[in-house]
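Undergrad: If you're matching positions, the sequence shown starts at 72 in the working numbering and goes up one per residue.
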Amino acid sequence: MLKVWIAGASGQIGRALNDVLDPMQIEALNTDLDELDITDTDEVINFGTVNRPDVIINCTGITDTDECEANPEHAYRVNALGARNLSIVARKCGSKIVQLSTDDVFDGKSDQPYNEFDQTRPQTAYGKSKLAGEQYVKEFTYKHFIIRSTWVYGLGNNFINDLLEKVNKGESLAIASDQFGSPTSAKELARFILHLIDTNEYGTYHATNKGVCSRYEFAHEILKLTGKEAQMKAVPTHLSDFSKVRPAYCVLDNFIMSMTPVYTFPSWKESLKEYFKERGLYNEK
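(1) If contact is defined by three or more beta carbon pairs under 8 Å, each pair taking one atom from either stretch, is the segment 200-216 in contact with the segment 334-353?
(2) Nearest CA to the CA of G79: which residue from L73, M72 and L100?
(3) Residues in the same chain with beta-carbon distance under 6 Å from V238, minus the five sequence neighbours each way, listed in chain order, please.
(4) Go ahead and pull the three-state DSSP assignment for S158.
(5) In this structure, how does DSSP classify Q170 when only helix, strand and coil are distinguished?
(6) Given a threshold of 16 other Cβ atoms within 10 Å of its Cβ, counted over all protein chains shown, does H277 qualify as buried or as exposed?
(7) Would you report the Cα separation of G179 and T297, rounded to the nearest angstrom?
(8) Look at the alpha carbon of K344 and the alpha carbon of Y353, and state the distance between them as a whole number of angstroms.
(9) Could you spell out the range, first to last residue, of the alpha helix (DSSP H) harbouring I293?
(10) Give me whichever residues DSSP pairs with G252 in a beta bridge.
(11) Report yes or no: do the segment 84-104 and the segment 113-131 share at least 3 C-beta pairs separated by less than 8 Å?
(12) Counting only runs of 4+ residues fully inside the segment 72-107, write out the alpha helix (DSSP H) ranges in chain order.
(13) Tell me the residue span of the beta strand (DSSP E) that contains S220.
(14) Select from H145, G165 and V91 the residue whose C-alpha is nearest the C-alpha of F263.
(15) Using only the alpha-carbon positions, how far apart do N227 and Q83 sit?
(16) Classify Q250 as buried or exposed, calling it buried when 16 or more other Cβ atoms lie within 10 Å of its own Cβ.
(17) Is Y241 near V322, with beta carbons less than 8 Å apart?
(18) How far does the beta strand (DSSP E) with L244 in it reach, from first residue to last?
(19) Would R286 be called buried (16 or more neighbouring beta carbons within 10 Å of its own) or exposed?
(20) Should P307 be labelled buried (16 or more other beta-carbon atoms within 10 Å of its own) or exposed?
(21) What would DSSP say about K201, mapped onto helix, strand or coil?
(22) Closest to S172 by CA distance: which of G119, Y197 and K348 is it?
(23) Whose C-alpha, out of E259, F230 and F216, is nearest the C-alpha of L267?
(24) Assuming V160 and I116 are in contact, meaning their beta carbons sit under 8 Å apart, how far apart are those beta carbons, in whole angstroms?
(25) Does any residue of chain D have a CB that is nearer than 8 Å to the CB of N142?
Have a look at this one:
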């Protein structure tokens, strides 16, 4: 049985991993801030030394971009030093490590999808701290999978849940029409991660659902699939209700995945429909 330490188990991807893993094949060591502080080096090393996981999956992170801008020191402590501490354990125990990262490591100024070989130029505190985390993982380990994704949604705080909360309150919506990305299901990402850790295909991966849309188009599809109605207008990012501190162009090219046929993601619309059906919210008119 594979022993997998899921750090940040109560987050969107951590919860998705626990939903899709086979408990007959994987023993999950679930921790979150209440059980273990990944910024405490000694605490992390002690936990790893005692439990000796085969794989460490780092789902932790300060992902609120506004919070990261307001308190960059906290962002770096969790997103960078936390990744460093888990990497120290991975090296000490000979474990594989999965580091979850983000499209924010790019500047968002391109008009072409970013692949894994494009130069990173983060413009936000969130992006800079996540890139620092990537660099620590590369520095301390070689058996690593760095996975960058974008517009991830699952059970927890995300664009979908924030939007539906406003809709249910009868509020009108102002949604960015100049932000572009690929909405990505946390459950589909979890399936990919569990598939990847069974391989030796180490390195950096872009992993998103297929297809591209604007935030406004994403919101429109959410309303369509849930059968809800709302007053909604397309606006520039600086006038939008959500995601003000974001790269404008968040499209990632799953380039390595296309060359190394380890996994194929479905379209973003297909996964979004699955998400709403599982939550009992699918009601397309």
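The beta-carbon is built from N, C-alpha and C at its ideal position, and this holds for glycine as well.
TA: Taking the definition as stated:
(1) no
(2) Here residue 79 is taken as the residue at index 8 of the sequence shown, counted from 1. When C-alpha distances from G79 are compared across L73, M72 and L100, the shortest belongs to L100.
(3) Locating residue 238 in the sequence shown gives position 167, where the first residue counts as 1. Here the set comprises K299 and A301.
(4) Translated into positions along the sequence shown, residue 158 becomes position 87. In the structure shown, S158 sits in a helix (DSSP, three-state: H, G or I).
(5) What you label residue 170 is simply residue 99 of the sequence shown in a count that begins at 1. For Q170, the three-state secondary structure derived from DSSP is strand.
(6) Locating residue 277 in the sequence shown gives position 206, counting from the first residue. When all chains shown are included, H277 counts as buried.
(7) For this step, residue 179 is matched to residue 108 along the sequence shown. For this step, residue 297 is matched to residue 226 along the sequence shown. C-alpha separation (whole angstroms): 30 Å.
(8) As a working note, residue 344 is residue 273 in the sequence shown. As a working note, residue 353 is residue 282 in the sequence shown. Cα to Cα, the separation comes out at about 7 Å.
(9) On the sequence shown, residue 293 is found 222 positions in, with the first residue counted as 1. Segment R286 to T297, the alpha helix (DSSP H) holding I293.
(10) Your numbering for residue 252 matches position 181 in the sequence shown. For G252, which the question treats as bridged, DSSP gives the partners C284.
(11) yes
(12) 83-91
(13) Numbered from 1 along the sequence shown, position 149 holds the residue referred to as residue 220. Annotation for S220: the continuous beta strand (DSSP E) segment containing it runs H215 to S220.
(14) Position 192 of the sequence shown, counting from 1, holds the residue named residue 263. Distances from the CA of F263 to each of H145, G165 and V91 were compared; the closest alpha carbon is that of V91.
(15) Taking the first residue of the sequence shown as position 1, residue 227 is located at position 156. Taking the first residue of the sequence shown as position 1, residue 83 is located at position 12. Here the sequence assigns Gly to residue 227, which means Asn is not the residue at that position. Cα to Cα, G227 sits roughly 6 Å from Q83.
(16) Here the question's residue 250 lines up with position 179 in the sequence shown. Buried.
(17) On the sequence shown, residue 241 is found 170 positions in, with the first residue counted as 1. On the sequence shown, residue 322 is found 251 positions in, with the first residue counted as 1. It should be pointed out that residue 241 corresponds to Gly in this sequence rather than to Tyr. Result no, Cβ atoms of G241 and V322 do not sit closer than 8 Å.
(18) As a working mapping, residue 244 is identified with position 173 in the sequence shown. Counting along the chain, the beta strand (DSSP E) containing L244 begins and ends at L244 to A247.
(19) Residue numbering aside, residue 286 sits at position 215 when the sequence shown is read from its first letter. Answer is buried; the Cβ neighbour count reaches 16.
(20) Within the sequence shown, numbered from 1, the residue matching residue 307 stands at position 236. Looking at its Cβ environment, which holds fewer than 16 other Cβ atoms inside 10 Å, P307 is exposed.
(21) Within the sequence shown, the letter at position 130 stands for residue 201. K201 falls in the helix class under three-state DSSP.
(22) For this step, residue 172 is matched to residue 101 along the sequence shown. Among G119, Y197 and K348, the Cα nearest to that of S172 is on Y197.
(23) In the sequence shown, counting from the first residue as 1, residue 267 sits at position 196. Cα-wise, what sits closest to L267 is F216.
(24) Numbered from its first residue, the sequence shown carries residue 160 at position 89. Numbered from its first residue, the sequence shown carries residue 116 at position 45. Rounded, the Cβ-Cβ distance is 6 Å, consistent with contact.
(25) Chain labels in this structure do not include chain D; a single protein chain is all it has.
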